[in-house]
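Trainee: First the structure, then my questions, so here it is.
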Amino acid sequence: MGEGKALDNATFTRTTLLGGCVAHAIDPAAARSMFCSAALFLGSAVGETCRPGHGNLSASPGKTALTSSDTPSLALFTVKMIQLKTLLNCIDNSGAAVVECVNVLKKKRPATVGDRIVVVVQKQRNFGPESTNNSGIANKVRRGDIRHAVVVRAKKEMQRPDGTIVKFDDNACVLVNKSGDPIGTRMNGVVATELRGKQWSKILSLAPMHV
3 MGEGKALDNA
13 TFTRTTLLGG
23 CVAHAIDPAA
33 ARSMFCSAAL
43 FLGSAVGETC
53 RPGHGNLSAS
63 PGKTALTSSD
73 TPSLALFTVK
83 MIQLKTLLNC
93 IDNSGAAVVE
103 CVNVLKKKRP
113 ATVGDRIVVV
123 VQKQRNFGPE
133 STNNSGIANK
143 VRRGDIRHAV
153 VVRAKKEMQR
163 PDGTIVKFDD
173 NACVLVNKSG
183 DPIGTRMNGV
193 VATELRGKQW
203 SKILSLAPMH
213 V
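Read left to right, the sequence shown gives residues 3 to 213 (our numbering).
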């Protein structure tokens, strides 16, 4: 399920989970290092984390990678933030397939897992003629509709209290009504556990798995 490796003074653990979620488990001592703190401040995930006391943090102007004098070059992943014009996959059976973010509610920063956003339906899901049970739900959402949604997966890396950094392969959401209840009755794919801390237990109850 996972693999770990050590390079010189660096340590790295990678775990691939169901649904495209990749977790980077950082050593507790390494999480307190200056390098890790600086990288997280820049909003990037570190593939290899230096242990404290090894190497001097340095970043050349105009470059997107941070290096240290006695460790290998550390490439930083591109951050995928959810903001205006961001496209998200809709993973419920509300009838929407792809939506576009037009506003992040109650926040002036990009949205992350658990945040409520306003979206426009860009692509409608085609359930097919055999899916008669979903026809009533699919008719609730049409292309061009403006709806509220909750982010359930994000490409942007998230750090948990235990030091684990989690990211997903795509940005995904589920549609909700004005009272915050999910419009759909079923979800396809994994969602992030952070939804529980933001009072979205109803969404978690519909998801087949959360990590």
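We put the beta carbon where it would ideally sit given N, CA and C, even for glycine.
Distance, Cα to Cα, LYS186 vs ILE84?
Mentor: In the sequence under discussion, the amino acid at residue 186 is Gly, which differs from the Lys named in the question. GLY186 and ILE84: Cα-Cα distance of roughly 22 Å.
Trainee: Express the C-alpha separation of LYS157 and ASP171 in angstroms, rounding to a whole number.
Mentor: Cα to Cα, ASP171 sits roughly 6 Å from LYS157.
Trainee: Go to LYS204, then tell me how far its alpha helix (DSSP H) extends in each direction, as first and last residue.
Mentor: Segment 203 to 208, the alpha helix (DSSP H) holding LYS204.
Trainee: Looking at VAL154 and ASP117, is the spacing between their C-beta atoms short of 8 Å?
Mentor: No, these two residues do not count as a Cβ contact at 8 Å.
Trainee: In terms of residues, what are the limits of the beta strand (DSSP E) holding GLU102?
Mentor: Its beta strand (DSSP E) spans residues 98 to 106.
Trainee: Round the Cβ separation of VAL104 and VAL122 to the nearest angstrom and send it over; I've been treating them as touching at under 8 Å.
Mentor: Correct: roughly 6 Å between the Cβ atoms.
Trainee: Does the beta-carbon of ARG127 have 16 or more other beta-carbons within 10 angstroms, so that it is buried, or is it exposed?
Mentor: Buried, since its Cβ has 16 or more Cβ neighbours within 10 Å.
Trainee: Kindly list the residues whose CB is nearer than 6 Å to the CB of HIS212, restricted to its own chain and excluding five residues on each side of it in sequence; keep chain order.
Mentor: Closer than 6 Å at the Cβ level, and outside the excluded window around HIS212, lie VAL193, THR195, LEU206.
Trainee: Specify the secondary structure class of LEU89 as computed by DSSP and reduced to three states.
Mentor: It is a strand residue.
Trainee: Can you grab the Cα-Cα spacing for the pair VAL120 / LEU107, in whole Å?
Mentor: Going by the C-alpha atoms only, they are around 7 Å apart.
Trainee: Would a C-beta distance cut-off of 8 Å place ASN190 and LEU90 closer than the cut-off?
Mentor: Not a contact, by the Cβ cut-off of 8 Å.
Trainee: Drop a sphere of 10 angstroms on the beta-carbon of PRO112, count the other beta-carbons inside from all chains shown, and report buried for 16 or more, exposed for fewer.
Mentor: Buried: at least 16 other Cβ atoms inside 10 Å.
Trainee: Give a yes or no on whether the C-beta atoms belonging to LEU197 and ASP94 are separated by under 8 Å.
Mentor: No.
Trainee: Using three-state DSSP, classify ARG127 as helix, strand or coil.
Mentor: Coil.
Trainee: DSSP state of ARG155, grouped into three classes?
Mentor: ARG155: strand per DSSP, three-state reduction.
Trainee: Once the 5 residues before and after ALA209 are set aside, which same chain residues still bring their CB inside 6 Å of it?
Mentor: Same-chain partners within the cutoff: MET189, VAL193.
Trainee: Identify the residues that DSSP records as bridge partners of ASP94: which are they?
Mentor: Answer is MET189.
Trainee: Please state whether DSSP places ARG111 in a helix, a strand or coil.
Mentor: ARG111: coil per DSSP, three-state reduction.
Trainee: Can you tell which of CYS175, ALA98, LYS110 has its C-alpha closest to the C-alpha of LYS125?
Mentor: When each option's Cα is compared against that of LYS125, the closest is ALA98.
Trainee: Residues in the same chain with beta-carbon distance under 7 Å from LYS204, minus the five sequence neighbours each way, listed in chain order, please.
Mentor: Taken in chain order, the residues that qualify are ASP183, PRO184.
Trainee: So what does DSSP say about ARG198, is it helix, strand or coil?
Mentor: Helix at ARG198.
Trainee: In angstroms with no decimal places, state the Cα-to-Cα distance between ILE148 and GLU102.
Mentor: Roughly 10 Å between the two C-alpha positions.
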